[in-house]
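Participant: Numbered by this note's numbering, the letters in the sequence shown go through residues 8 to 446 in order.
We put the CB at the ideal spot given by N, CA and C, even for glycine.
I am attaching a structure below and will ask some questions about it afterwards.
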Amino acid sequence: MSKKEKLSIEKKETKRKSNYTIALAGNPNVGKSTIFNNLTGMNQHTGNWTGKTVANATGYFEYRGETYKLVDIPGTYSIMSHSEEEEIARNYICFGNPDATIVVVDATSLERNLNLVLQITEITDNIIVCVNLLDEAKKKKIEVHLEELSNILKVPVVGVTARKKKTLNNLLKVMRSVCEGKEGINPIYQIHYDEKIEKAIEQIQESIMEQYKIEEKLARWISIKVLDGEKRILKEIEKQLNIQLINHSKIDNARREALETLGEKGIYQEEFKERIVSTIVKDAEKIGKKVCQFGNKDYANRDRKIDKILTSKKYGIPIMIVFLLLIFWITIVGANYPSQFLFSVFGNIQEKLIEFATYIHCPEWLSNMLILGVYQTLTWVISVMLPPMAIFFPLFTILEDLGYLPRIAFNMDGFFKKACCSGKQMITMCMGVTKWEIF
């Protein structure tokens, strides 16, 4: 690649005009932030989504003379709107009108990540699948056939190792082609549900397209949401597209007829969403098996066996409690030794400072303020806070790298949902408990 074709990142103000807008989506911990940081460098802005507490990051970069705005969407496993992150991701992809959506997936767990990819294909055609962590996949003897994946999904697929900036050059080339309309195969992959469900979707879709000028793909996705009947999503669609779906006589009639038809076939509204989700999961499994080749065939089985134990109703919670108690014990007890050492070192330095202040005839009020006030307070905070933090956070990082933190969130999700929270907040609670124990 010539020098002119290489990525050019300049330090400019973040509030500026861009030629194209790119959405960066993906599951948590797939390397989205690494890609975002490598592309935007220091030229980024962090804030909150309007009316939300979830943080967002927006950055700018230049490539081949064009300015691109990169929007890092919150990491999510689904866009079926069960949490704030999922709602934001869905709304931005659907209504934010990005020129392209890069969906980052983990090469070591492609099957699970494809669930999100397939959900996004139902909303937009301008998709680029970025398969990250190819180096980790190689270590685990997993081979991903990128060309085969591209042929199945009918969208561009690019393999990268996000930590190596040079591997992002191909992603930039494809991104530019998609934005300019030069890349992409139409029609892209479409999920085919049960024949009965497909007929019900068509009934609603026809009714919506008769009433409003909406493109066929978006009308199909809206039809699924109308059948699902989640008012929160429907109200957001109404707000963003300035249309009426709830209490619209013709659409309500079409929905009623479609649900009656499904009911006659034994598919009731309560089961509708389960059928939709199970179809997406099965499609993801089929595609994963076609494009992934495992050198170690027992690799996935080993993970499933571990999952059965760590997330089981019988053993999941007790194992989690033992793990967390062990971490708390190591953090609290283990921190005593470095804390005592720091207290001793800072205490000796304090005595020397007092002697020095006396030697230079420093006023007592000034020496007390600086040494017994500022210095002593600062060193006490460091001695008390630094050791447990230096132990606790690396331990939690190890658990995250081992994949245990998502399992903790899964185990606690049911309990936290009763309080209208997410299981992921268990991790935040653990950190809060640790800080409380320290004090």
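Who are the near neighbours of Gln-459 in its chain, counting only those whose CB is closer than 7 angstroms to its CB and skipping five residues on each side?
Facilitator: What the structure shows of the chain is the stretch from 8 to 446, and residue 459 is not part of that stretch, so it cannot be assessed.
Participant: When you compare the CB positions of Thr-174 and Ala-144, do they come within less than 9 angstroms of one another, or not?
Facilitator: Walking along the sequence shown from the start, residue 174 turns up at place 167. Walking along the sequence shown from the start, residue 144 turns up at place 137. In this structure, Ala-144 does not lie closer than 9 angstroms to Thr-174 by Cβ.
Participant: My output table needs one value for Cys-299: the three-state DSSP class, helix, strand or coil.
Facilitator: What you label residue 299 is simply residue 292 of the sequence shown in a count that begins at 1. It is a strand residue.
Participant: In whole angstroms, what separates the C-alpha of Val-352 from that of Val-388?
Facilitator: Translated into positions along the sequence shown, residue 352 becomes position 345. Translated into positions along the sequence shown, residue 388 becomes position 381. Using only the alpha carbons, I get a separation of about 14 angstroms.
Participant: Skipping 5 residues on each side, what residues in its chain have a beta carbon closer than 8 angstroms to that of Leu-412?
Facilitator: On the sequence shown, position 405 is the one that residue 412 refers to. Contacts found: Phe-403, Leu-406 and Ile-434.
Participant: Would you mind stating whether Leu-140 and Gly-295 have Cβ atoms separated by less than 9 angstroms?
Facilitator: Stepping through the sequence shown from its first residue, residue 140 is reached at position 133. Stepping through the sequence shown from its first residue, residue 295 is reached at position 288. Contact flag unset, no.
Participant: Which complete alpha helix (DSSP H) runs does the segment 185-265 hold, if anything under 4 residues is left out?
Facilitator: Here the runs fully enclosed are 202-218, 223-235 and 238-248.
Participant: Determine the burial state of Gly-430: buried for a count of at least 16 other Cβ atoms within 10 Å of its Cβ, exposed for fewer.
Facilitator: Here residue 430 refers to the residue found at position 423 when the sequence shown is read from its first residue. Classification for Gly-430: buried.
Participant: Tell me whether Ala-30 sits in a helix, a strand or coil according to DSSP, three-state version.
Facilitator: Here residue 30 refers to the residue found at position 23 when the sequence shown is read from its first residue. The answer is strand: DSSP assigns Ala-30 an E or B state.
Participant: How about Ile-283 and Ile-215: are their beta carbons less than 9 angstroms apart?
Facilitator: To locate residue 283, count along the sequence shown from 1; it is residue 276. To locate residue 215, count along the sequence shown from 1; it is residue 208. Not a contact, by the Cβ cut-off of 9 angstroms.
Participant: Nearest to Glu-271 by CA position, among Ile-356, Ile-204 and Lys-280, is which residue?
Facilitator: Here residue 271 refers to the residue found at position 264 of the sequence shown. Among Ile-356, Ile-204 and Lys-280, the Cα nearest to that of Glu-271 is on Ile-204.
Participant: Assign Pro-194 to buried or exposed, taking buried as 16 or more other Cβ atoms, counted over all protein chains shown, within 10 Å of its Cβ.
Facilitator: For the purposes of this step, residue 194 is taken as the residue at position 187 of the sequence shown. Classification of Pro-194: exposed, given that the 10 Å Cβ count is below 16.
Participant: Measure the Cβ-Cβ separation of Ser-157 and Asn-122 and say whether it is below 9 angstroms.
Facilitator: Against the sequence shown, residue 157 aligns to sequence position 150. Against the sequence shown, residue 122 aligns to sequence position 115. No, the pair does not count as a contact, with Cβ atoms beyond the cut-off.
Participant: Is Glu-150 near Gly-302, with beta carbons less than 9 angstroms apart?
Facilitator: The residue you call residue 150 lines up with position 143 of the sequence shown. The residue you call residue 302 lines up with position 295 of the sequence shown. Cβ atoms of Glu-150 and Gly-302: closer than 9 angstroms.
Participant: Please determine, among Glu-73, Gln-210 and Ile-95, the residue with the shortest C-alpha to C-alpha distance to Pro-81.
Facilitator: In the sequence shown, counting from the first residue as 1, residue 81 sits at position 74. Nearest of Glu-73, Gln-210 and Ile-95 to Pro-81, Cα basis: Ile-95.
Participant: Once the 5 residues before and after Ile-324 are set aside, which same chain residues still bring their CB inside 8 angstroms of it?
Facilitator: Residue 324 sits at position 317 when you count from the first residue of the sequence shown. These residues qualify, in order along the chain: Asn-418.
Participant: Less than 6 angstroms between C-beta atoms, sequence neighbours within five positions excluded: which residues of the same chain meet that for Pro-394?
Facilitator: Position 387 of the sequence shown, counting from 1, holds the residue named residue 394. Only Ala-342, Pro-345 and Ser-346 meet the Cβ criterion.
Participant: Under the assumption that Asn-45 contacts Lys-172 (Cβ atoms under 8 angstroms), give the Cβ distance between them as a whole number of angstroms.
Facilitator: On the sequence shown, position 38 is the one that residue 45 refers to. On the sequence shown, position 165 is the one that residue 172 refers to. At roughly 5 angstroms, the Cβ-Cβ gap stays under 8 angstroms, so Asn-45 and Lys-172 are in contact.
Participant: What is the DSSP secondary structure of Tyr-70, reduced to helix, strand or coil?
Facilitator: If you number the sequence shown from 1, residue 70 lands on position 63. Tyr-70: strand per DSSP, three-state reduction.
Participant: Under the rule that 16 or more other beta-carbon atoms within 10 Å means buried, what is Leu-373, buried or exposed?
Facilitator: Within the sequence shown, numbered from 1, the residue matching residue 373 stands at position 366. The residue is exposed, with fewer than 16 neighbouring Cβ atoms inside 10 Å.
Participant: Identify the continuous alpha helix (DSSP H) that holds Glu-118 and give its terminal residues.
Facilitator: Taking the first residue of the sequence shown as 1, we reach residue 118 at position 111. Glu-118 -> alpha helix (DSSP H) spans 117-128.
Participant: Ignoring anything shorter than 4 residues, give me the alpha helix (DSSP H) runs that lie fully in the segment 365-405, in order along the chain.
Facilitator: Listed in chain order, they are 371-374.
Participant: Measuring CB to CB, does Lys-161 end up less than 9 angstroms from Tyr-196?
Facilitator: Here the question's residue 161 lines up with position 154 in the sequence shown. Here the question's residue 196 lines up with position 189 in the sequence shown. The answer is yes: Cβ separation under 9 angstroms.
Participant: Given Ile-100, which residues of its chain have a CB within under 8 angstroms of its CB, disregarding the five upstream and five downstream residues?
Facilitator: Against the sequence shown, residue 100 aligns to sequence position 93. Contacts found: Ala-30, Ala-32, Ile-80, Ile-86, Thr-108, Ile-127, Ile-130 and Thr-131.
Participant: Among residues of its own chain, excluding the 5 on either side of Glu-73, which ones have a beta-carbon nearer than 6 angstroms to its beta-carbon?
Facilitator: By 1-based counting over the sequence shown, the position of residue 73 is 66. If we look at Glu-73 and ignore the five residues flanking it on each side, its Cβ neighbours are Asn-26.
Participant: Which of the three DSSP states, helix, strand or coil, is assigned to Thr-65?
Facilitator: In the sequence shown, counting from the first residue as 1, residue 65 sits at position 58. It is a strand residue.
Participant: Using 9 angstroms as the threshold, is the C-beta distance between Tyr-382 and Leu-349 below it?
Facilitator: Locating residue 382 in the sequence shown gives position 375, counting from the first residue. Locating residue 349 in the sequence shown gives position 342, counting from the first residue. The answer is no: Cβ separation not under 9 angstroms.
Participant: Measure the alpha-carbon distance for Asn-34 versus Ile-415 and round it to whole angstroms.
Facilitator: Numbered from its first residue, the sequence shown carries residue 34 at position 27. Numbered from its first residue, the sequence shown carries residue 415 at position 408. When rounded, the distance between both Cα atoms is 17 angstroms.
Participant: So who's on the other strand from Thr-286, going by DSSP bridges?
Facilitator: Taking the sequence shown and counting its residues from 1, the one referred to as residue 286 is at position 279. Thr-286 pairs with nothing; no bridge assigned.
Participant: Should Cys-427 be labelled buried (16 or more other beta-carbon atoms within 10 Å of its own) or exposed?
Facilitator: Counted from its first residue, the sequence shown places residue 427 at position 420. Exposed, since its Cβ has fewer than 16 Cβ neighbours within 10 Å.
Participant: Do you know offhand how far Ala-64's Cα is from Ile-208's?
Facilitator: Position 57 of the sequence shown, counted from the first residue, corresponds to residue 64. Position 201 of the sequence shown, counted from the first residue, corresponds to residue 208. Each residue's Cα considered, the two are about 36 angstroms apart.
Participant: Skipping 5 residues on each side, what residues in its chain have a beta carbon closer than 7 angstroms to that of Val-288?
Facilitator: Position 281 of the sequence shown, counted from the first residue, corresponds to residue 288. Taken in chain order, the residues that qualify are Asn-122.
Participant: On a Cα-Cα basis, can you pick out the residue from Gln-432, Arg-97, His-368 and Glu-278 that is closest to Trp-228?
Facilitator: For the purposes of this step, residue 228 is taken as the residue at position 221 of the sequence shown. Closest option to Trp-228, Cα to Cα, is Arg-97.
Participant: Helix, strand or coil for Leu-140? Go by DSSP, reduced to three states.
Facilitator: Within the sequence shown, the letter at position 133 stands for residue 140. Coil.
Participant: Report all residues from its chain with a CB closer than 7 angstroms to the CB of Lys-13; omit the five preceding and five following residues, and keep chain order.
Facilitator: Position 6 of the sequence shown, counted from the first residue, corresponds to residue 13. The pLDDT assigned to Lys-13 is 43, lower than 50, so where the model puts this residue is not dependable; a value taken from the coordinates is nonetheless given after this. There are no such residues.
Participant: Which partner residues of Ile-149 appear in the DSSP bridge assignment?
Facilitator: By 1-based counting over the sequence shown, the position of residue 149 is 142. Looking at the DSSP assignment, Ile-149 forms a beta bridge with Phe-301.
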